[in-house]
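For reference, the structure discussed in these notes is given below.
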Amino acid sequence: MISRLKETITPEGLFWPRSALYSRIASVMEPAYRHIARQLALPPNVKTVLDIGGGDGRLAVALAKQYPHLSMIVTADISKDMTDRARKRAEKSGLGSRITSDVSDVHNLGYGDSYFDAIVSFGSMHHWRDPVTALRELDRILKPQGILTVMDGFDKPSFKIIKTTVSGFGGSIWTSIAYWVGSHQVLRYSEIAQIVEGSGIGYISILCLGPIVIVGGTKD
Ligand SMILES: C[S@@+](CC[C@H](N)C(=O)[O-])C[C@H]1O[C@@H](n2cnc3c(N)ncnc32)[C@H](O)[C@@H]1O
1 MISRLKETIT
11 PEGLFWPRSA
21 LYSRIASVME
31 PAYRHIARQL
41 ALPPNVKTVL
51 DIGGGDGRLA
61 VALAKQYPHL
71 SMIVTADISK
81 DMTDRARKRA
91 EKSGLGSRIT
101 SDVSDVHNLG
111 YGDSYFDAIV
121 SFGSMHHWRD
131 PVTALRELDR
141 ILKPQGILTV
151 MDGFDKPSFK
161 IIKTTVSGFG
171 GSIWTSIAYW
181 VGSHQVLRYS
191 EIAQIVEGSG
201 IGYISILCLG
211 PIVIVGGTKD
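Quick note: the sequence shown uses the numbering used here, first residue 1, plus one each step.
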């Protein structure tokens, strides 16, 4: 099973020129980021959020706009090019004082223990070299009562399933195509279950919503 996992996971990080291509494709995913931000329903006591594998910062900007009570949103990504893009996007959106961007590897993050009120991630877990270690690292930097929400695709969803989900939140056919293209290297449900169990983190569970799997929970 582990060797199959290694075969499935894509090489770590989106570096130039793939980062530039991804960023172009992600522009048609804007409705998805706004939808995800709304669905996260972050309560007023959440002030600090980490978006791990935050890419070019679209979810971070959507979070800042959706939740004025967030004082600090950090996008962290192993790719410097993605991180630079996220920083520029935040500044261009006038959100540079609330959004910061770090080059960081999910397997070894430079933040202290119990640092963030919430941690989110979208479309990144299938890139992680060692998702068990990564989840434990996210658990380490999450405060008690903090919220962990790692979202990704799973089981190579059919285009029909993607289109139904995407049109449900107002995304266009181009949003569906972009999602479909991006969901080619995702993990299987059984692999995700193995990762969650292997992490030993008791408060996280797996929820499947259409083509998206959510690994997360509220820390005890
Ligand atoms: C498919 S992109 C998703 C980007 C962004 N979350 C979005 O939804 O647009 C996956 C991102 O995860 C990042 N990534 C991959 N491995 C990582 C790691 N070990 N640590 C941090 N980020 C990583 C990649 O560089 C890339 O920006």
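All C-beta atoms, glycine included, are put in the ideal place defined by N, C-alpha and C.
- Considering only residues of the same chain and omitting the five flanking positions on each side of ALA62, which have a CB-CB separation below 6 Å? Translated into the one-based positions of the sequence shown, residue 62 becomes position 62. Correct list, in chain order: TYR33, ARG34 and ALA37.
- Message: Taking DSSP's pairing of strands, which residues face LEU14 in a bridge?
- Response: Counting from 1 along the sequence shown, the entry for residue 14 is found at position 14. Partner(s): none; LEU14 has no beta bridge.
- Query: Which whole-angstrom value describes the C-beta separation of ASP51 and THR83, a residue pair presumed to lie in contact below a C-beta threshold of 8 Å?
  - Reply: Sequence index remark: in the sequence shown, residue 51 carries index 51 (1-based). Sequence index remark: in the sequence shown, residue 83 carries index 83 (1-based). Not quite, the Cβ-Cβ distance comes to about 11 Å (not below 8 Å), so this is no contact.
- Given 8 Å as the limit, is there contact between the region 86-93 and the region 113-122, that is, 3 or more CB pairs closer than that? no
- Task: Flag this pair as yes or no: are the beta carbons of PHE154 and CYS208 separated by less than 8 Å?
- Result: Reading the sequence shown from its first residue, position 154 is the one you call residue 154. Reading the sequence shown from its first residue, position 208 is the one you call residue 208. In this structure, CYS208 lies closer than 8 Å to PHE154 by Cβ.
- Extent of the continuous alpha helix (DSSP H) run through ASP81: Walking along the sequence shown from the start, residue 81 turns up at place 81. It spans 80-92 - the alpha helix (DSSP H) in which ASP81 sits, taken as one unbroken run.
- Query: Taking the alpha carbon of GLY171 as the point to measure from, which residue in LEU21, SER27 and VAL150 has its own alpha carbon closest?
  - Reply: Looking up residue 171 in the sequence shown gives position 171. Considering only alpha carbons, the answer is SER27.
- Message: Does the distance between the C-beta of SER124 and the nearest non-hydrogen atom of ligand 1 fall short of 7 Å?
- Response: Residue 124 sits at position 124 when you count from the first residue of the sequence shown. Checking every heavy atom of ligand 1 against the Cβ of SER124, one is found closer than 7 Å.
- Message: Between the alpha carbons of LEU109 and LEU138, how many angstroms are there, rounded?
- Response: Here residue 109 refers to the residue found at position 109 of the sequence shown. Here residue 138 refers to the residue found at position 138 of the sequence shown. One C-alpha to the other measures close to 8 Å.
- Query: Which residue from PHE159, VAL132, MET151 and ILE214 puts its Cα closest to that of GLN194?
  - Reply: Translated into the one-based positions of the sequence shown, residue 194 becomes position 194. Cα-wise, what sits closest to GLN194 is VAL132.
- What does DSSP give as the partner residues of SER199 in its beta bridges? Looking up residue 199 in the sequence shown gives position 199. Beta-bridge pairing links SER199 to no other residue.
- Message: Bridge partners for ALA76 per DSSP, in chain order?
- Response: Indexing the sequence shown from 1 puts residue 76 at position 76. The partner list for ALA76 (beta bridge, DSSP) reads ILE52 and ASP102.
- With contact counted as at least three CB pairs below 8 Å, one residue from each stretch, are the region 41-48 and the region 94-106 in contact? no
- Near THR175, which residues of its chain fall below 7 Å by C-beta distance, leaving aside the five closest residues on each side in sequence? Position 175 of the sequence shown holds residue 175. Here the set comprises VAL28, MET29, PRO31, ALA32 and VAL166.
- Going along the chain, which residues of its own chain have a beta-carbon closer than 8 Å to the beta-carbon of HIS107, five neighbours each way excluded? As a working note, residue 107 is residue 107 in the sequence shown. Only TRP128, ARG129, ASP130, THR133, ALA134 and GLU137 meet the Cβ criterion.
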